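Residue numbers (mature numbering (1 follows the signal peptide of the UniProt record, and there is no 0)): -18 to -1, 1 to 268.
Rendered as structure tokens:
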């Protein structure tokens, strides 16, 4: 009986050793990191959003001068019970953004906390006049450390995930953040026309200008998206905004300190007491 139990114990030990060897072999090599930045339509299931190679930021939809981008970095291999460090650096070859102007400096060495398999890299972008006419790019890439290598060099289409707008095949060790502050006349702006130099302003809100738009956003806590649909900018709200600015601008005008557009003309809404012509500066009354 003792001999039988002894043989069973030997067999069990051999099985355990073989299992352990197989488990170790399954995880041969250094653990790695890769970018896994997901986003998609708000109505969709967030768990199946596509993983993207870039993140676009339009400051026209941002209130304030800063925007914090969260970029998820995932790990391959086993989860550890201690903190580990990975490195993310600016890729100079793909970057046109300027540190301190378009984004704030960030710590290159980031931490994957004990017990988890990811970390979120936070990068603060800055609103600047340079991106009003030119889109700028911040390229980021992962670099090896003592704790991590590069987990996935080439990303591909995965079953069950939505497809990326920029294509599903890309280097998952790199990620680009694009930023701009472009402004075009939004859908719910009245009148829906662009004014030529020498043309008198008319309609409800007059000519679309960045200065007028930003003043409206400031006074009513609006973003660009609020001007894009009837649901967010119904006719009653457009009229209310017009009435407010007629009173606001008229008061300043009567004091001899009108709000001036970039070409020097007095800012105009339907109902003010003066007429403005695009390109013609306001001349104080003598």
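Backbone N, C-alpha and C fix where the C-beta goes; we use that ideal spot for every residue, glycine too.
Since the structure is predicted, the reported quantities are computational estimates derived from the model, not experimental observations.
DSSP-derived helix/strand/coil call for residue i
i	result
residue 28	helix
residue 143	coil
residue 228	helix
residue 163	coil
residue 185	coil
residue 249	coil
residue 42	helix
residue 215	coil
residue 105	strand
residue 170	coil
8 Å contact criterion, which residue i and residue j should meet: CB distance rounded
i	j	result
residue 113	residue 41	7 Å
residue 43	residue 195	Not really, about 13 Å apart at Cβ, beyond 8 Å.
residue 158	residue 76	6 Å
residue 140	residue 103	With a Cβ gap of about 22 Å, residue 140 and residue 103 do not count as contacting.
Beta carbon of residue i nearer than 8 Å to that of residue j
i	j	result
residue 172	residue 14	no
residue 156	residue 73	yes
residue 210	residue 169	yes
residue 57	residue 152	no
residue 68	residue 94	yes
residue 70	residue 120	no
residue 32	residue 143	yes
residue 51	residue 105	yes
Cβ neighbours of residue i in the same chain (closer than 7 Å, five flanking residues each side left out)
i	result
residue 262	247
residue 7	In this prediction, residue 7 has a pLDDT of 34, which is less than 50 and means its spatial position is unreliable; what the coordinates show is noted afterwards. So the list is empty, once near-sequence residues are dropped.
residue 96	62, 63, 64, 65
residue 208	214, 215
residue 90	69, 70, 71
Cβ-based neighbour list, residue i, same chain, cut-off 8 Å, excluding 5 preceding and 5 following
i	result
residue 269	Nothing can be reported for residue 269: it is not among the residues displayed for the chain, which extend from -18 to 268.
Range covered by the beta strand (DSSP E) that runs through residue i
i	result
residue 122	118 to 125
residue 14	14 to 17
residue 95	Careful: residue 95 lies outside any beta strand (DSSP E) and carries neither H nor E.
residue 68	66 to 72
Start and end residues, alpha helix (DSSP H) containing residue i
i	result
residue 195	192 to 202
Same chain only: Cβ atoms within 6 Å of residue i, ignoring 5 sequence neighbours per side
i	result
residue 12	131
residue 235	none
residue 154	16, 17, 134, 137
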